[in-house]
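Notes follow once the structure below has been shown.
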Amino acid sequence: MSPRLRWRKFVSGFMLTMTGVCAMVAVSVLFLILGYLAVHGGTSVNWNFFTKLPVPVGETGGGMANAILGSAKMLLLATLFGVPIGFFGAIYLAEFSSGSIAFVVRYAADLLNGVPSIVIGIFAYSLVVHPFRQYSTLAGGFALGLMMIPITLRSTEEFLRGVPNPLREAAMALGASKWKTIATVIVPAAYRGILTAVLLAFARVAGETAPLLFTALGNQFWSPGWTHPTASLPVMIYTYALAPYDDWHRQAWAAGLVLLVLILVINIVARAILSRGIAVPRS
Amino acid sequence: MQASVRPALSVNLPPIVTSAAARETPEALAMRMTISKLDFFYGAKQTLFDVSMGIATNKVTSLIGPSGCGKSTLLRTLNRMHETVRGAQLRGEILLDGQSILAQDVTALRRRVGMVFQRPNPFPKSIFDNVAYGLRINGSKVPISEAVEKSLRHAALWDEVKDHLHKSAYELSGGQQQRLCIARALAVEPEVLLLDEPCSALDPISTAKIEELLVQLKDICTITIVTHNMQQAARVSDFTAFLLVGQLIEFSPTPQLFTTPGDPRTEAYITGRFG
């Protein structure tokens, strides 16, 4: 073997190993986090955690039922607010607009996507919290919904654009109007991608803490209705992790575990949906 | 307007008797569609020049010519599919049963003038739902499953798919998919069926099936087909129009165009000297 060939074989082997190791590291981070959370918080995840209110310092036990419900309520609001705007905006972008308007909207959505979540929080604070002098579930849901708009919009647009043009032509040639074509062919052809996008946007904001600090604030008790400060899992993790009590730390780990498992489940559901129904083959 | 259309047609359809189809004099043939003085532009670029011709009722009319001659463009103006392209613009008149298609509601027009495309483009739905699509969106009152069966029979696909109507359309072969697209177009009972090189993505056996089908379909609708394949035009059509760089060079009964072309350019094309 010539030295040149040996060198090339060495480089090849080295690069292959390196890319493999990097791939392993990328994957193992998730499992490390999961394992870490399970070890530290696993013991605190029990029936009480899902059903009881937090207890005062010094007492053991108690749970985060109010935070779980608070997160659920805010995520529901965020989805109802952010997803329709993102979805219909994407339909406009993908099917109707062209040139400069589309460019501006797309660019603005990308910028909005890049706005730090704390800034979104301040914005929601000045728009919803400050005028009413009230932290609320509503304000938290609004802030999270704002964050869902650009994610839903951009990915839905990509999936709509991915629908092959001959399908549009086929529908139009059968006498379908533009709206009917969109409703009966384009969206059904892209629905799996769109649903995945929505679930990923959901998972993304489910863990947001910063926008909730200014809007939902936090609460040690139940938050009736929509207009009172409410607890949420991410803010609970933040407060409990900073507190100097071992029991609270365990609760924070447990909350982290619950949050992560929730997001994992959503991802798995998204994958499961992707594998059902009739997909448009790639040509 | 209409008065000026007929004389132009009789020039384009010389009454030379060579085949069963052409034995009828053109004047006696009813015209489902008439195109007169059609100019077409993509932006500033003109792609059709002063095209006038008729599409005879219950006949097959084929449009031939080299790539870029405007035959597909001409076809797409007949159900106004050109409007989906930005900057497309036409001048002139196109009549369907004596009425201007440009003045009609475009969705109503497209139900009467159906289209089948170059590549099979079934929807990501079941075989049944593909055929039923046109009926459903138009709120048709006819029983859907009967109409679906009828269309699939017309498209010579029924026997192959009747046991798995609820399977994905993508499980069919390319030729079957194209016949499914024909069935889908037929389901709304169009008066005219436009086919844009329907066999260009198919193997010879599938092509033969579709050609056979076209000849049968004449009984239920009027057919216009764009084809690259001159033998195909000769086999299936009653009339053939030859286009070259946006101009209609010759429009005659098919046997005549292929045996005694009236224009040296037609002769050069059909004998393979260019194109």
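Keeping their order, the protein sequence lines are chains Y and B.
With my numbering applied, the first sequence covers 7 to 289.
With my numbering applied, the second sequence covers 549 to 823.
Think of the CB as a built atom: it goes at the ideal place given N, C-alpha and C, for glycine as much as any other residue.
The structure displayed is predicted, hence computed values, not measured ones.
query, result
"Cβ-Cβ distance between Leu734(B) and Leu765(B) below 9 Å", "yes"
"Under the three-state DSSP convention, the category Tyr251(Y) falls into", "coil"
"Chain-ordered chain Y contacts of Gly662(B) [CB-CB under 8 Å]", "Ala179 and Leu180"
"Euclidean distance between Cα positions of Phe55(Y) and Phe94(Y)", "39 Å"
"Cβ-based contacts, 8 Å cut-off: residues of the region 773-804 of chain B near chain Y", "none"
"Alpha-carbon to alpha-carbon, Ser716(B) and Arg659(B)", "25 Å"
"Minimum Cβ-Cβ distance from Cys747(B) to chain Y less than 9 Å", "no"
"Amino acids of chain Y, ordered along the chain, whose beta-carbon sits closer than 7 Å to that of Ile768(B)", "Within 7 Å Cβ-Cβ: nothing; Ile768(B) doesn't reach chain Y, min ~17 Å."
"Distance, Met629(B) Cα to Ala179(Y) Cα", "7 Å"
"CA nearest to the CA of Leu223(Y), picked from Thr202(Y), Thr245(Y), Ala209(Y) and Arg210(Y)", "Thr245(Y)"
"Chain Y contacts made by the region 632-662 of chain B, where a contact means CB separation under 9 Å", "Thr632, Arg634, Val654, Thr655, Ala656, Leu657, Arg658, Arg659, Arg660, Val661 and Gly662"
"Interfacial residues, the region 149-178 of chain Y to chain B, with Cβ spacing under 8 Å", "Pro170, Pro172, Leu173, Arg174, Glu175, Ala176, Ala177 and Met178"
"Reduced DSSP category for Gln795(B) - H, G, I as helix; E, B as strand; rest coil", "strand"
"Distance between beta carbons of Ser699(B) and Val679(B), contact taken as under 8 Å", "5 Å"
"Contact list for Ala286(Y) against chain B, beta-carbon separation under 7 Å", "Checking the displayed sequence, the identity of residue 286(Y) turns out to be Val instead of Ala. Within 7 Å Cβ-Cβ: Pro672."
"From His712(B), Phe671(B), Gly616(B) and Ala703(B), residue whose alpha carbon lies closest to that of Lys593(B)", "Gly616(B)"
"Buried or exposed by the 16-neighbour rule on C-beta atoms within 10 Å, applied to Val17(Y)", "exposed"
"Option nearest Val664(B) by Cα separation, candidates Val690(B), Gln780(B), Ala703(B) and Glu641(B)", "Ala703(B)"
"Cβ of Cys617(B) within 9 Å of any chain Y Cβ", "no"
"Distance cut-off 8 Å: Arg282(Y) Cβ against heavy atoms of the ligand SAH", "Absence of the ligand SAH is noted for the structure shown, with no ligands found whatsoever."
"Under 7 Å from the C-beta of Ser716(B): neighbouring residues of chain Y", "Ile284"
"Contained beta strand (DSSP E) runs [length at least 3] in the region 749-785 of chain B, N- to C-terminal order", "770-774"
"Min CB distance Ala502(B) to chain Y below 9 Å", "Outside the shown range of chain B (549 to 823) lies residue 502(B), about which nothing can therefore be said."
"Reference Ala212(Y), options Ser103(Y), Ala177(Y), Leu239(Y) and Leu43(Y), closest by Cα", "Leu239(Y)"
"Where Thr202(Y) meets chain B, residues with beta-carbon distance less than 7 Å", "What Thr202(Y) touches in chain B: nothing, since even the nearest Cβ is about 16 Å away."
"Amino acids of chain Y, ordered along the chain, whose beta-carbon sits closer than 9 Å to that of Tyr681(B)", "Ala176, Ala177, Leu180, Ala182, Thr190 and Val191"
"Simplified DSSP state of Val286(Y), which is helix, strand or coil", "coil"
"is_contact[Ala108(Y), chain B] using C-beta, thresh 9 Å", "no"
"Inter-residue CB distance, Leu796(B) and Met601(B) (contact presumed, cutoff 8 Å)", "6 Å"
"Buried versus exposed, by CB contacts within 10 Å (16 or more), Gln257(Y)", "buried"
"Beta-carbon gap between Ser674(B) and Phe787(B) smaller than 9 Å", "no"
"Cross-chain neighbours of Met629(B) in chain Y, by beta carbon under 8 Å", "Glu175, Met178 and Ala179"
"Per-residue burial, Asp677(B) [other beta carbons within 10 Å of its own, 16 or more giving buried]", "buried"
"For Val110(Y) and Gly794(B), the rounded distance between their alpha carbons", "38 Å"
"Contacts around Cys747(B), its chain only, beta-carbon distance under 8 Å, and the 5 residues preceding and following it disregarded", "Gln726, Ser754, Thr755, Ile758, Glu759, Thr775, Asn777 and Gln780"
"Partner residues on chain B for Ala195(Y), Cβ-Cβ distance less than 8 Å", "Phe671 and Pro672"
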